[in-house]
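Residue numbers (the numbering used here): 32 to 231.
Reviewing the structure listed below.
Now the structure itself:
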């Protein structure tokens, strides 16, 4: 534990991005709470303009477009807060496990970039939906951002699970697997404390 601060400092890149993503989630909550009507008005104007220029659109109702965009914004707010908070906790565990520094830095970076990238995907999808209408087309157009971001985050989480399990198993093995001393097999040439007491 003496080296914990310096070990955590080496993971600054992922940690800073997670903190920035967490701030983004809080900022979204403030904006949506304080300027809810203004945001909705801007979205409906954008949707009405898109429908007027494309009357044959598959989503001709401007309000339906706004509702779908708002769903993306809400998901972005929740994912930014949830993924960033989880990322910070997981990064805080990394200095406790045994692995190469480069591996830990890669995992921390993937958690940060994954959380930020996925939140950015949802925000961008929300901004595009009033103009496009079809959420499937919107998501497909942003697949290049969504898939790598989610993939990095999931892979990093699985990597930490493996490292923590290996660390926990190593700790269990080092103390005799958690078995009572009387059950642990004695090493060759060693004597049980009870035997030594009887000899003395």
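Each residue gets a CB set at the ideal place from its N, CA and C atoms; glycine is no exception.
Bear in mind that the values here come from a model prediction, so they are computed numbers and not experimental data.
Alpha helix (DSSP H) segment containing residue i, residue limits
i, result
"residue 13", "Since the displayed the chain opens at 32 and closes at 231, residue 13 lies outside it and no answer follows."
"residue 120", "93-124"
Local conformation of residue i per DSSP, three classes
i, result
"residue 42", "coil"
"residue 47", "helix"
"residue 36", "helix"
"residue 128", "coil"
"residue 88", "coil"
Same chain, Cβ closer than 7 Å to residue i, neighbours up to 5 away in sequence not counted
i, result
"residue 166", "99, 160"
"residue 128", "194, 195, 198"
"residue 187", "138, 141, 142, 145"
"residue 88", "82, 164"
"residue 116", "53"
Same chain, Cβ closer than 6 Å to residue i, neighbours up to 5 away in sequence not counted
i, result
"residue 177", "152"
"residue 56", "108, 111, 112"
"residue 189", "none"
"residue 85", "none"
8 Å CB neighbourhood of residue i in its chain, flanking five on each side removed
i, result
"residue 46", "39, 119, 122, 139, 143"
- Message: My parser needs the alpha helix (DSSP H) runs of 4 or more residues fully inside the region 158-199; what are they?
- Response: 166-172
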